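Those letters in the sequence shown? Residues 98 to 1271, by the numbering used here.
C-beta: ideal position from N, C-alpha, C; glycine also.
The structure presented is a predicted model; accordingly, all values stated were derived computationally and were not measured.
The structure under discussion appears below in the form of structure tokens.
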Amino acid sequence: MTFFQTILQTIQKDQKISFNHTPKGYEGFLLKKIFEQKTSVLYIARDDASLNTFKSMMRFYAPELPFLFFPSPDTLPYDQNSPKPSLTAERTETLFTLSEFLKTSTPVFVATSPQAFLQRLPPPSFFQNRSLLLKKEGVFSYLELQNFLHKEGYRRVEVVHEPGEFSVRGGFLDLFTPSLSMPVRLDFFGDHLQTIHPFDPVTQLKHTESLSELKITPSHEILLNEETIRLFRTQYRELFGSSSSQDALYKAITEKRPYPGYEQWMPLFFNHMKNLWDYMKDPIFAFEFQAPESLQAAEETLQDHYNARLQDLSQKNTKFSFSEKEAYRPLSPHLLYASPREVQALFKSAKTLHFTPFQASSKPALDCEGKLYDWSVLRSKVKAGVHAETTLFEEISKLLITHLRSQRAPLILVGYSPSSLQRLSHLLKEHFSFSFKEITTLTEIKCSDENTLYGTILPLEQGFETPFIAFITEQDILGERLIRPSKINKKAADQILEEISSFSPGDLLVHVHHGIGRYEGLLTLDINGSQHDCLELSYEGGDKLFVPVENMDVLSRFGGEGNTHPLDKLGSAHWQSRKARVKKRIKEVAEKLMAIAARRSLETAPSLETLPSLYEEFCNGFPFIETEDQLRVCEEVMEDLSKTIPMDRLVCGDVGFGKTEIALRAAFIAATNGKQVAIVAPTTLLARQHFKTFEARFKNTNLKVVELSRLLSPKEAKENRSLLEKGEAQILISTHAAFSKSLTFKDLGLLIIDEEQHFGVTQKDKLKEKYPALHILTLTATPIPRTLQMSLTGIRDLSLITTPPVDRMAVKTFVMPFDGVTIREALLREHFRGGQSFYVAPRIEDLTPLKTQLSKLVPELKVLCAHGQLSPTDLENVMSAFYEKKCDVLLSTNIIESGLDVASANTLIIHKADYFGLSQLYQLRGRVGRSKVRGYAYLTYAPQKLLTENAKRRLTVLETLDTLGIGFSIASHDMDIRGAGNLVGEEQSGHIKEIGIELYQHLLKEAIEALKTGEEASFDDTMSSQVSLEGTVMIPETYIPDLSLRLSLYKRLSNLRNDDEIKLFSDELLDRFGALPKSVQNLLEVISLKRLAEKAGLEKVEIGPKGVVLTFYKNLFKNPLGLVDLLNKSSGALKLRPDHKLFFVKGWTRQENRLQDVKNLLITLGDLAQKIES
């Protein structure tokens, strides 16, 4: 009898079975065999992480199985946040599928976690018969479809990004149903469904392949309709009394509005509730090792959360300090979750399987004969230098050879990513030869593949061998796991940000000719009988200016926080004189930058060579595995240092992406070449942290690291200065003190500046003058604005680090009104998993009341305060206590924003998050989740507070774009909106305030580009040609109803530079919104003509039925002789009028011919203008 026959026979005979010696990852292999016997299986993992691993393993073992996944909500019990829509969609789709299978008693295989297993759910009948099947080329009432989606709880939005959303634009209906992994675009002609195309929710562009049919399934576990709302209102009042009808939750549901966290009252929307096992017919319950203990712990946790809510409610009641509508009235746990007694009774009568890696004492038990691979002892000996590294690989190779020759079970090499799998196979091939084959599923293994080592990508931590299958993992061999989360495409990220950042009424905009005005809104005006969308700007004295949308390129954001800057007066000379003054200053800055670059190329510096053996030994002290970007930047720095030209490299890297390691390695190379190194940090805290990091890494070398900051006594500082002067200290970690005139180095060779934007260029220049052969390495997490990145090429060497570090998980972010119970839960959860928390407030005066509040909320935790006004000693004591884990919560202002690294701090709470800028919030969020532990960020704002549109947008961006590696897009985008400090080092914030951030960047870019080509920066005002065309020129509201989306598209349109870009934009509009109305076609034509007119030096192009009037910029044409020649050859069709305007005489019957003729004329004039320039 085979092993699997024994299993099946035992299951038929016995109720409770243990599987001994079952390695983690093997359970799915065994359960697949059981499920194939037409038996339903409900697998309970010990936690969500194990559930995700099991899901990946099942997809490897049996991709063809109808395997379903039912995760826990990503919120805490009794939370005031709703789960993420994608998670709700996944759960709802599983319940819908189960309810359909239940009708036919089809066996199913479901995996879940403890909390999800216990949760009460709507009855299966709630989901049955609620789907809709649409077929391509079929007929279905377009209006009826929209009504169906409304009825099924789909949310109508302008742009579809998440499951459960739909949008309607003409004959296009975009829809994201939970049954699909991406949204679809339905193209209707009347009631005839022509095509069904999936599309990318980020770029909004459809895929080329189409679907033949679409099944629309329920989008949520709760449906708000007349019946469910009536049930909720009745049961809520019965439970909590008549006064509860004043609650915000009650009012929202009454008005058919989903309320944050309303899922916590799900039972009130139904007459009766069921559980997950009620969706299956006689399932076998299978438990991962320790899952029963996790179930018990989950039951206890639920009770704790409920008690905390009751306590919070009673405290509020006794103090009378809150209005009725603020009350959170929790449901009893037994209404929301199955009680321990129910669960015990269920398992008593059901068949249960228990997996354990050990020998179970209970009977009957089956032995899976699983053996774990463990080379940890050998690995530690290699690390300690007792054995050479080859010993480890030789040992592994022996095992592989033995296994492959014995023709036992297939052997699979497991990597966490394609690149790491490739690296592993190459490493092993250095020690023995074998046939290697990459696979994605177990079904790809063929019996004929003898002596083959297979490779696959799975999140399996430890390898094992059983009689049927064997795995060797990356962690077995290297001792470190490499998980690289997927990144959003950067271009796509920029586009999302572009679309959610359109101008809002009240924003300050800068008109290149008229100065700073306030944007009031978008108006449709009648201009010469044609309708145009125009931006209305107000100026000092109530003057108004209307800018047609096709001329939006004359407008730029003022930037900066707040909209309090004085407005300019229309027609006043003040703006022009102010702009001229700033231009002069910018020109000097650009010339200075170019001069520095030129001087640098002439200067010489000693070549600093890398000593391979010593360098490798130093690099081995890095406790993580380097990312590809880190290794590339290290190579670039090594190459720079080996040249005889002084290095000036700027390293831009996202928060926590490993810039400090690059600094450490550069410092090591310089110091081992006999040069001194100065590392300068903007704050005392960051300098102290760097000092500790450098001291620890250099402790096994003969290099001395010293520090200079306000935390040192005068005596210690004097001693350290003396050591530097004599050359007895090689590495200095300092704040601004490094730039002091009184500080002398014996032989300074490398300057490393952390967070460059906090220092001025003059400070660096002084050091350069003192030490001409100085290499400079600059690190920053605030990126250069996109507009300047290209123009700085050649002036400074730029390195970007965009790869997230190994094992770094995206920080889970919640945006919510302040809720004491949630905050307590978050702080205690961090404390109980052995971690610490940051609590950040915008102002120093917020700290004292917050500390009082925290002492009541979490009396069991120790809270310390830190802010910039503390004395150096006090600040040092607080920070040291936090680093040394002597306190649980650090309550501070945003002084923790710059670079602080506390691996054990993985929860962040931000008080009044709406007071911070997007970039600041992103930097703050980067303080947590820096180890392998998941980080949590809670962005809170005052309850009942109405957030401004900009604040709401900022917080939404941070909550939704939590993918790693997108911070660059966020921060550079935020800089474009809000402004930045010292972009290229000069103290220029005053000049930026005079003309606004975007115009400042544009002028600086222009100046640098001009100087690069050896020309003078002319700074001619940006000419924006005006094109008048008969007919309406706009994106009508009927085509794109959402105002902010229309504005963002107008903004993108004004930045299109040529016909190729215009064609791509036109295709995107067609794809997303349907056939282009005539007014949109006109708008695209106007943009195309504008670009040609600008090339020809034309300020105005007025097109009428009998001809075209062309006005030259400043009444001058760059090639007058060429123009005279053209006039002579035109046979009278072109005439130069006395007012210096050019008149093209021609009558057209068709507009298409007219536009083509005008284009040809503009191209000719453009070629003439360019000819004289070249």
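Residue nearest to Trp374 within the set Glu324, Val440, Asp604, Pro315 is Val440 (criterion: CA-CA distance). In this structure, DSSP gives Leu165 an extended state, which the three-state scheme calls strand.
Bounds of any beta strand (DSSP E) do not take in Gly268, whose DSSP letter is neither H nor E.
Your pair Pro315 and Arg252 does not check out as a contact, with CB atoms roughly 13 Å apart and the cut at 8 Å. Taking 4 residues as the shortest admissible run, the region 371 to 438 contains the following complete alpha helix (DSSP H) segments, listed from N- to C-terminal end: 388 to 416, 430 to 433. Minimum Cα-Cα distance from Gln727 among the listed residues Leu897, Thr707, Tyr868 corresponds to Leu897.
Taken through DSSP and simplified to helix, strand or coil, Ile554 comes out as strand.
When the five nearest sequence neighbours on each side are left out, the beta carbons in the same chain lying within less than 7 Å of the beta carbon of Ser169 are those of Asp145, Ser210, Gln212, Ala213, in order along the chain. Here the region 1130 to 1141 makes no contact with the region 604 to 612; the two share fewer than three CB pairs at distances below 8 Å. Secondary structure note for His247: its alpha helix (DSSP H) is the uninterrupted segment 239 to 248. Taken through DSSP and simplified to helix, strand or coil, Glu262 comes out as strand. Nearest to Phe101 by C-alpha distance, out of Asp464, Ala1002, Leu1166, is Asp464. Between Phe568 and Gly122, the C-beta spacing is below 9 Å.
Counting only runs of 4+ residues, the alpha helix (DSSP H) found wholly inside the region 1233 to 1270 occupies 1248 to 1270, in chain order.
With a cutoff of 9 Å on beta-carbon distance, Asp344 and Ala424 are scored as near each other. By the Cβ rule, the region 358 to 365 does not count as touching the region 107 to 121, because fewer than three pairs are nearer than 8 Å. Buried is the label assigned to Ala923, since at least 16 other Cβ atoms lie within 10 Å of its Cβ.
The beta carbon of Thr1004 sits closer than 6 Å to those of Ala923, Glu927, Ser934, Tyr1033, all from its chain and outside the five residues before and after it, given in chain order. In this structure, Leu128 places its C-beta atom within 9 Å of the C-beta atom of Val138.
DSSP, reduced to helix, strand and coil, places Ile108 within a helical segment of the structure shown. Inclusion of Leu895 and Arg746 in the CB contact set at 9 Å is warranted, their separation being smaller than that value.
In this structure, Pro275 and Thr203 do not form a Cβ contact; the two beta carbons are roughly 20 Å apart against a cut-off of 8 Å. Taking the C-beta atoms as reference points, Ala764 is found nearer than 9 Å to Phe791.
Ser653 is bridged by DSSP to Val607. Within the same chain, Cβ atoms closer than 8 Å to the Cβ of Val1025 are found at Val908, Phe935, Ala1002, Asn1003, Thr1004, Leu1005, Gly1032, Tyr1033, Ala1034, the five residues on either side in sequence being excluded. With the rule of 3 Cβ pairs closer than 8 Å, the region 1198 to 1213 counts as touching the region 1234 to 1246. With 16 or more other Cβ atoms inside 10 Å of its own Cβ, Gln773 counts as buried.
Sequence-distant Cβ neighbours of Gly467 in its own chain, meaning closer than 8 Å and more than five residues away, are His118, Thr119, Pro120, Tyr123, Pro454, Phe561, Glu562, Thr563. Considering only Ser340, Tyr551, Glu541, Ser342, the residue with the shortest C-alpha distance to Leu497 is Tyr551. His289 counts as exposed, since fewer than 16 other beta carbons sit within 10 angstroms of its beta carbon. Between Leu557 and Met154, the C-beta gap is smaller than 9 Å, which places the two residues in contact. Residue environment analysis places Val236 among the exposed positions, since fewer than 16 neighbouring C-beta atoms fall within 10 angstroms of its C-beta.
Inter-residue distance for Asn322 and Leu246 is about 12 Å (C-alpha atoms, whole angstroms).
Taken through DSSP and simplified to helix, strand or coil, Ser896 comes out as strand. In the DSSP assignment, Asn117 falls within the unbroken beta strand (DSSP E) covering 113 to 117.
Between the C-alpha atoms of Leu230 and Pro1174 there is a straight-line separation of about 31 Å.
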